[in-house]
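Chemist: Input: one structure, supplied below.
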Amino acid sequence: MAGVRPKDANPSIHARGSPVLITVNDLHRSTAEDASLILEALSRVVGAAWFALGPEVDAFEGEFAEFVGATDCVGVGNGTDALEIALRSVGVSEGSVVATVSNAGFYSTAACLAIRALPTYVDVLPETGGMDPAQLEAALAGGVDAVVVTHLYGEMGEIRAISQLCERAGVPLVEDCAQAVGAAVDGRPAGSWGAAAAFSFYPTKNLGALGDGGAVVSSDHGIAQLARELRQYGWTAKYHVERVGGRNSRLDALQAAVLRGRLTKLQPRNARRREIATAVARVASDRGVRTLFADGPQNVAHHCVLVVDDRDEVRRVLVEEGVGSDVHYPTPDHRQPVMANFSLSRPLPVTERLAASILSVPCYPELTDTEVEQVCGALEKALAGGHNR
Ligand SMILES: *Cc1c(COP(=O)(O)O)cnc(C)c1O
485 MAGVRPKDAN PSIHARGSPV LITVNDLHRS TAEDASLILE ALSRVVGAAW
535 FALGPEVDAF EGEFAEFVGA TDCVGVGNGT DALEIALRSV GVSEGSVVAT
585 VSNAGFYSTA ACLAIRALPT YVDVLPETGG MDPAQLEAAL AGGVDAVVVT
635 HLYGEMGEIR AISQLCERAG VPLVEDCAQA VGAAVDGRPA GSWGAAAAFS
685 FYPTKNLGAL GDGGAVVSSD HGIAQLAREL RQYGWTAKYH VERVGGRNSR
735 LDALQAAVLR GRLTKLQPRN ARRREIATAV ARVASDRGVR TLFADGPQNV
785 AHHCVLVVDD RDEVRRVLVE EGVGSDVHYP TPDHRQPVMA NFSLSRPLPV
835 TERLAASILS VPCYPELTDT EVEQVCGALE KALAGGHNR
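For the sequence shown, this note's numbering assigns the number 485 to the initial residue and increments by one for each residue that follows.
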């Protein structure tokens, strides 16, 4: 009955009596738009009767590696497994110290906890919510075995500085690209900057499957080979287990087949997301309200996030206007109940401040122009009270 609801896959009603007409996502639309692609994929996979890994997954891995500008792609069960497997594949093990951010939904922390590695949190930039290179530099000086950079909300703007810092320190960098598939800096895609990268194909991501899916990407054959072994029981050969930390986390052939079709539609869909976020950012900035969105190829607008003072009030007005919203994410990792015994090695003032004031508004490619206008109109009303910072 009242089970745990999957993240943001379902429409949300924020107040009784006020139906939210425009939700932060609506998977009916992309599913309907892609119906023939999906049925074709399904019939191909059923015809081949090969359901876990196999030729369809091989084909997707080749196409996705090329898209990301890496030599290797390893399809896995989900994005969190991808992070854990990527970390293990670059050498993280029990007791390793992993620098990461505390404002990115707990995924990198969950991967660390699974390995019994120790997260050390780095504060973020107030302009984007992404990792602050100066803070990373301080963390690296304290001794770090690996770094996870999350391209939060689809923005990867600081990757150049961050990858240089890691290179200079001789510390492997893992990119969390779950929100940034298709983004690029200097023509170099998200996922091609680190020693390895993790992707999620959870249905609401910019490149979504019909269920869970993920990938580890790397241009280091050794790292990719290790990831390939870890996703399948730690086998180095069939029924021969040699790797510590192996498990079963394979990408389904059906998901791979759907993802192959959707990959060809990703860039126009990302462009549409940018267009919507740009319209929202204009309304916000006209009212002195900041967004964490900056237009450009380095940003694929997975979420469109505003920074507001009186979040509850803004959300209340939005609901009145039929517009849903969400918070990505309300609780920093280090404040989660499961981290009660954890102590920070340095304060995270920007992380704390943003957690109290960020607000995500609808920004998915299938929104119509009329709906985008409605979102913008609702925001004009909601922000009229000067809920800005
Ligand atoms: C969604 C997401 C993940 C995890 O992906 P799953 O497939 O849900 O496990 C990891 N990192 C970020 C930033 C994400 O948004």
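Ideal Cβ placement from N, Cα and C applies to all residues, glycine included. Predicted, not measured: the structure shown is a model, and the values here were computed from it.
At which residue ranges does the segment 760-812 contain complete alpha helix (DSSP H) runs of 4 or more residues, listed in the order of the chain?
Modeler: Correct list: 795-804.
Chemist: Only counting the same chain, and skipping five residues up and downstream in sequence, which positions put a Cβ closer than 6 Å to that of N562?
Modeler: Once the five neighbours on either side are set aside, the close Cβ partners of N562 are D696, G698.
Chemist: Since C596 is in the beta strand (DSSP E), which residue starts that stretch and which ends it?
Modeler: From DSSP, C596 is part of no beta strand (DSSP E) but of the alpha helix (DSSP H) over 591-599.
Chemist: Are the beta-carbon atoms belonging to G678 and L657 less than 7 Å from one another?
Modeler: Contact: yes.
Chemist: So the alpha helix (DSSP H) I506 belongs to, where does it begin and stop?
Modeler: Per DSSP, I506 belongs to no alpha helix (DSSP H) and is neither H nor E.
Chemist: Going by the CB atoms, is the gap between A645 and P617 shorter than 7 Å?
Modeler: Yes, the Cβ-Cβ distance between P617 and A645 is below 7 Å.
Chemist: Under 6 Å from any heavy atom of ligand 1, does the C-beta of D660 make it?
Modeler: It does: the Cβ of D660 is within 6 Å (strictly closer) of some heavy atom of ligand 1.
Chemist: If you check the beta carbons only, do Y605 and T564 fall under 7 Å apart?
Modeler: It is not a contact, given that the beta carbons lie outside the stated cut-off.
Chemist: Could you compute how far the alpha carbon of Y686 sits from the alpha carbon of R712?
Modeler: Roughly 20 Å separates the two Cα atoms.
Chemist: Taking G669 as the reference, which of T688, G654, G641 has the closest Cα?
Modeler: Reading off the sequence, residue 669 comes out as Val, not Gly. The shortest Cα separation from V669 among T688, G654, G641 belongs to G641.
Chemist: Looking only at C-alpha atoms, which of C860, V856, P849, A549 sits nearest to R756?
Modeler: Out of C860, V856, P849, A549, P849 has the C-alpha closest to the C-alpha of R756.
Chemist: Run through DSSP, which three-state label would E857 get?
Modeler: Residue state, collapsed to three classes: helix.
Chemist: Should A588 be counted as a contact of ligand 1 given a C-beta to heavy atom distance under 6 Å?
Modeler: Yes - ligand 1 has a heavy atom lying nearer than 6 Å to the Cβ of A588.
Chemist: So if DSSP puts I842 in a beta bridge, which residue, or which two residues, is it bridged to?
Modeler: The partner list for I842 (beta bridge, DSSP) reads V791.
Chemist: Applying the 10 Å Cβ sphere with the 16-neighbour rule, what's the burial state of G431?
Modeler: Given that the chain is displayed from residue 485 to residue 873, the structure contains no residue 431 and the question cannot be resolved.
Chemist: I need the straight-line Cα distance from Q782 to G745, nearest angstrom please.
Modeler: Rounded to whole angstroms, Q782 to G745 spans 23 Å at the Cα level.
Chemist: Compute the Euclidean distance between the alpha carbons of L863 and R766, then round it to the nearest angstrom.
Modeler: Each residue's Cα considered, the two are about 11 Å apart.
Chemist: What is the rounded straight-line gap between the Cα of L875 and the Cα of E621?
Modeler: Summary: the structure shown does not reach residue 875, with the chain confined to residues 485 through 873, and so no result is reported for it.
Chemist: From what residue to what residue does the beta strand (DSSP E) around D660 run?
Modeler: Segment 657-660, the beta strand (DSSP E) holding D660.
Chemist: Counting pairs of beta carbons, one from the segment 528-541 and one from the segment 562-582, are three or more of them closer than 8 Å?
Modeler: No: fewer than three Cβ pairs fall under 8 Å.
Chemist: Check whether the segment 542-549 touches the segment 841-861, taking contact to mean three or more Cβ pairs, one atom from each stretch, closer than 8 Å.
Modeler: As far as the Cβ criterion goes, the segment 542-549 does not touch the segment 841-861, which means the pair count is below three.
Chemist: DSSP on Q619, reduced to helix/strand/coil?
Modeler: If DSSP states are grouped into helix, strand and coil, Q619 belongs with the helices.
Chemist: Verify whether the separation of the beta carbon atoms of V701 and A630 is less than 7 Å.
Modeler: No, the Cβ-Cβ distance between V701 and A630 is not below 7 Å.
Chemist: Helix, strand or coil for V541? Go by DSSP, reduced to three states.
Modeler: Reduced to three states, the DSSP call for V541 is helix.
Chemist: With a threshold of 6 Å, establish whether the CB of T584 neighbours any heavy atom of ligand 1.
Modeler: No, the beta carbon of T584 sits no closer than 6 Å to any heavy atom of ligand 1.
Chemist: How would you label D779, buried or exposed, when you count the other beta carbons within 10 angstroms and need 16 or more for buried?
Modeler: With fewer than 16 Cβ atoms within 10 Å of its Cβ, D779 is classed as exposed.
Chemist: Would you kindly work out how many angstroms separate the C-alpha atoms of V504 and K722, rounded to a whole number?
Modeler: Going by the C-alpha atoms only, they are around 52 Å apart.
Chemist: Of the choices C788, M823, K865, V822, whose alpha-carbon is the least far from that of V508?
Modeler: Nearest of C788, M823, K865, V822 to V508, Cα basis: C788.
Chemist: Taking the continuous alpha helix (DSSP H) assigned at T852, which residues delimit it?
Modeler: Careful: T852 lies outside any alpha helix (DSSP H) and carries neither H nor E.
Chemist: Just confirm the distance between the C-beta atoms of L747 and F551, as a whole number of angstroms; I'd bet it's less than 8 Å.
Modeler: Rounded, the Cβ-Cβ distance is 6 Å, consistent with contact.
Chemist: Run the CB neighbour count on V529, radius 10 Å, all protein chains shown included, and call it buried at 16 or more, exposed below.
Modeler: With 16 or more Cβ atoms within 10 Å of its Cβ, V529 is classed as buried.
Chemist: Look up Y605 in the DSSP assignment and give the residues it is bridged to.
Modeler: Paired residue(s): T584.
Chemist: V792 and S841 look like a contact to me (Cβ under 8 Å); what is the Cβ gap, rounded to whole Å?
Modeler: That belief holds up - the Cβ atoms of V792 and S841 are roughly 6 Å apart, short of 8 Å.
Chemist: Going by DSSP, which residues form a beta bridge with P673?
Modeler: Paired residues: A668.
Chemist: Measuring CB to CB, does V784 end up less than 7 Å from G666?
Modeler: In contact: V784 and G666 (Cβ atoms closer than 7 Å).
Chemist: Mind checking which residues open and close the beta strand (DSSP E) that includes G448?
Modeler: Coverage of the chain is limited to positions 485 through 873, which leaves residue 448 absent and any answer about it impossible.
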